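*Asks:* The working numbering applies: residue 1 is where the sequence shown begins, and numbers increase by one.
The structure under discussion is supplied below as structure tokens; questions concerning it will follow.
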Amino acid sequence: MSRVFLLRLWLDGLAAVLLLLALAYWWLGNAVHELAGTVMFLLLIAHNVFNRRWYGSLSRTRREPRSIFNAGLTFALLTAMLILLVTSVLISNALAPYLPPWGGFTVRQIHTLAAYWGLVIVAIHLGLRWPMLMGVARNLLGIKGTNPLRTLVLRAIAVAIAIHGVWSFHQLGLGTKLSMQMTLDWWNFEEAVAGFFIHCAAVAGLVMVVTYYGLKLLQLGLSAKGHRSERLAVGEERQRAPIK
Numbered sequence: 001m002s003r004v005f006l007l008r009l010w011l012d013g014l015a016a017v018l019l020l021l022a023l024a025y026w027w028l029g030n031a032v033h034e035l036a037g038t039v040m041f042l043l044l045i046a047h048n049v050f051n052r053r054w055y056g057s058l059s060r061t062r063r064e065p066r067s068i069f070n071a072g073l074t075f076a077l078l079t080a081m082l083i084l085l086v087t088s089v090l091i092s093n094a095l096a097p098y099l100p101p102w103g104g105f106t107v108r109q110i111h112t113l114a115a116y117w118g119l120v121i122v123a124i125h126l127g128l129r130w131p132m133l134m135g136v137a138r139n140l141l142g143i144k145g146t147n148p149l150r151t152l153v154l155r156a157i158a159v160a161i162a163i164h165g166v167w168s169f170h171q172l173g174l175g176t177k178l179s180m181q182m183t184l185d186w187w188n189f190e191e192a193v194a195g196f197f198i199h200c201a202a203v204a205g206l207v208m209v210v211t212y213y214g215l216k217l218l219q220l221g222l223s224a225k226g227h228r229s230e231r232l233a234v235g236e237e238r239q240r241a242p243i244k
């Protein structure tokens, strides 16, 4: 495994952590929030530079459901990040003396909407790449072969995280934030700080689990459908064959 590849993974992981950190605006304060967001955007630019060949290969991508979904998801994430960047500039306190007063309440709502949808889309992105990430973890930890007990424990942990994620979704009031509804139900950082990040991580975990296992079920369904179609085709071929 190359060092460049590992460096890219660490940078991507840092960008995800900064996105999570930037969601805690009322705990960080404006200066740290804007600094975290600026570094995150620089890391996202680096990510796109590293993966620039992917855009050039789009025209040669196979038109299968997974590839189409992955391309659509990537552009959805790109759209969310661009909206986040534009609204960040418009509502920035640091840039306010140099810009017209365009950053009103609606722009702030759009900024929050893009941030939380960014969290969801990043989690789906990670769920699609979970087998690759697990492979990297196995290589780094020197784990070889399969272990039924280890697999069972990991799946039990995944189920526990997903259940916690459902509860966290309601605790954070994400339904209103993802639909741009007016709400005064913000997290009270004076009572708890760690709880906010645990809930956000649990929601991301829920989305990753649903994405990973949902994709596996879809692939099993498509495989079973393909086998049935193949058996039907063989049966029809035999029926049309002349009797000797």
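C-beta: ideal position from N, C-alpha, C; glycine also.
These numbers were taken from a predicted model, which means no experiment stands behind them.
What first and last residue would you give for the alpha helix (DSSP H) that runs through Lys177?
*Replies:* The count along the sequence shown starts at 1 and reaches residue 177 at position 177. Counting along the chain, the alpha helix (DSSP H) containing Lys177 begins and ends at 174 to 178.
*Asks:* Exposed or buried, Thr151, counting other C-beta atoms within 10 Å across all chains shown (16 or more means buried)?
*Replies:* What you label residue 151 is simply residue 151 of the sequence shown in a count that begins at 1. Classification of Thr151: exposed, given that the 10 Å Cβ count is below 16.
*Asks:* Going by beta-carbon coordinates alone, are Thr112 and Met180 separated by less than 9 Å?
*Replies:* Locating residue 112 in the sequence shown gives position 112, counting from the first residue. Locating residue 180 in the sequence shown gives position 180, counting from the first residue. Cβ atoms of Thr112 and Met180: closer than 9 Å.
*Asks:* Please confirm whether any heavy atom of the ligand FAD lies closer than 8 Å to the CB of Leu220.
*Replies:* As far as ligands go, the structure on display features none, and thus does not contain the ligand FAD.
*Asks:* Can you tell me the Cα-Cα spacing of Leu85 and Asn147, whole angstroms?
*Replies:* Against the sequence shown, residue 85 aligns to sequence position 85. Against the sequence shown, residue 147 aligns to sequence position 147. Cα-Cα distance, rounded: 44 Å.
*Asks:* Under 9 Å, do Gly118 and Ala158 count as touching if we go by C-beta distance?
*Replies:* For this step, residue 118 is matched to residue 118 along the sequence shown. For this step, residue 158 is matched to residue 158 along the sequence shown. No, the pair does not count as a contact, with Cβ atoms beyond the cut-off.
*Asks:* So the alpha helix (DSSP H) Met81 belongs to, where does it begin and stop?
*Replies:* Indexing the sequence shown from 1 puts residue 81 at position 81. Run containing Met81: 65 to 91, per the alpha helix (DSSP H) assignment.
*Asks:* DSSP three-state label for Glu191, please.
*Replies:* Walking along the sequence shown from the start, residue 191 turns up at place 191. Glu191: coil per DSSP, three-state reduction.
*Asks:* Can you name, in chain order, every residue of its own chain whose Cβ lies under 7 Å from the Cβ of Leu14, other than the five neighbours on each side?
*Replies:* Position 14 of the sequence shown holds residue 14. For Leu14, where only same-chain residues beyond five positions count, the Cβ hits under 7 Å are Leu43.
*Asks:* Do Leu90 and Ala71 have their CB atoms nearer than 9 Å?
*Replies:* Within the sequence shown, the letter at position 90 stands for residue 90. Within the sequence shown, the letter at position 71 stands for residue 71. No, they are not a contact pair.
*Asks:* Which runs of the beta strand (DSSP E) fall wholly inside the stretch 105 to 177 and span at least 3 residues, in chain order?
*Replies:* none
*Asks:* Going by DSSP in three states, Thr211 sits in which element: helix, strand or coil?
*Replies:* Translated into positions along the sequence shown, residue 211 becomes position 211. Note: Thr211 maps to helix in three-state DSSP.
*Asks:* In the DSSP assignment, find the alpha helix (DSSP H) that holds Asn30 and state where it starts and stops.
*Replies:* The residue given as residue 30 occupies position 30 in the sequence shown. From DSSP, the alpha helix (DSSP H) with Asn30 extends over 30 to 50.
*Asks:* When the Cα atoms are used, what is the spatial distance from Lys244 to Val136?
*Replies:* Counting from 1 along the sequence shown, the entry for residue 244 is found at position 244. Counting from 1 along the sequence shown, the entry for residue 136 is found at position 136. Reliability fails at Lys244, whose pLDDT of 48 lies under 50, so the model's placement of it is uncertain and no value is given.
*Asks:* Indicate the three-state DSSP secondary structure (helix, strand or coil) for Pro97 in the structure shown.
*Replies:* By 1-based counting over the sequence shown, the position of residue 97 is 97. The answer is helix: DSSP assigns Pro97 an H, G or I state.
*Asks:* Specify the secondary structure class of Ala201 as computed by DSSP and reduced to three states.
*Replies:* On the sequence shown, position 201 is the one that residue 201 refers to. Helix, per DSSP.
*Asks:* From the DSSP output, in three-state form, read off Leu23 for me.
*Replies:* Against the sequence shown, residue 23 aligns to sequence position 23. Coil.
*Asks:* Take every Cβ of the stretch 18 to 34, pair it with every Cβ of the stretch 181 to 200, and state whether three or more of those distances are shorter than 8 Å.
*Replies:* Yes, the stretch 18 to 34 touches the stretch 181 to 200.
*Asks:* Could you check which residue in Phe69, Pro65, Leu11, Ile68 has the C-alpha nearest to that of His47?
*Replies:* As a working note, residue 47 is residue 47 in the sequence shown. Answer by Cα proximity: Leu11.
*Asks:* Going along the chain, which residues of its own chain have a beta-carbon closer than 6 Å to the beta-carbon of Leu20, five neighbours each way excluded?
*Replies:* Here residue 20 refers to the residue found at position 20 when the sequence shown is read from its first residue. If we look at Leu20 and ignore the five residues flanking it on each side, its Cβ neighbours are Cys200.
*Asks:* How would you label Gly104, buried or exposed, when you count the other beta carbons within 10 angstroms and need 16 or more for buried?
*Replies:* Translated into the one-based positions of the sequence shown, residue 104 becomes position 104. Answer is exposed; the Cβ neighbour count stays below 16.
*Asks:* Would you call the CB atoms of Ala22 and Ala36 closer than 9 Å?
*Replies:* The residue you call residue 22 lines up with position 22 of the sequence shown. The residue you call residue 36 lines up with position 36 of the sequence shown. Yes, the Cβ-Cβ distance between Ala22 and Ala36 is below 9 Å.
*Asks:* What residues in its chain sit with their C-beta under 7 Å from that of Ala114, if we drop five residues either side in the sequence?
*Replies:* If you number the sequence shown from 1, residue 114 lands on position 114. Cβ neighbours of Ala114 beyond the five flanking positions: Ala80, Ile83, Leu84, Thr87.
*Asks:* Apart from the five residues on each side of it in sequence, which residues of its chain come closer than 6 Å, Cβ to Cβ, to Leu172?
*Replies:* Here residue 172 is taken as the residue at index 172 of the sequence shown, counted from 1. Closer than 6 Å at Cβ, skipping near neighbours: His199.
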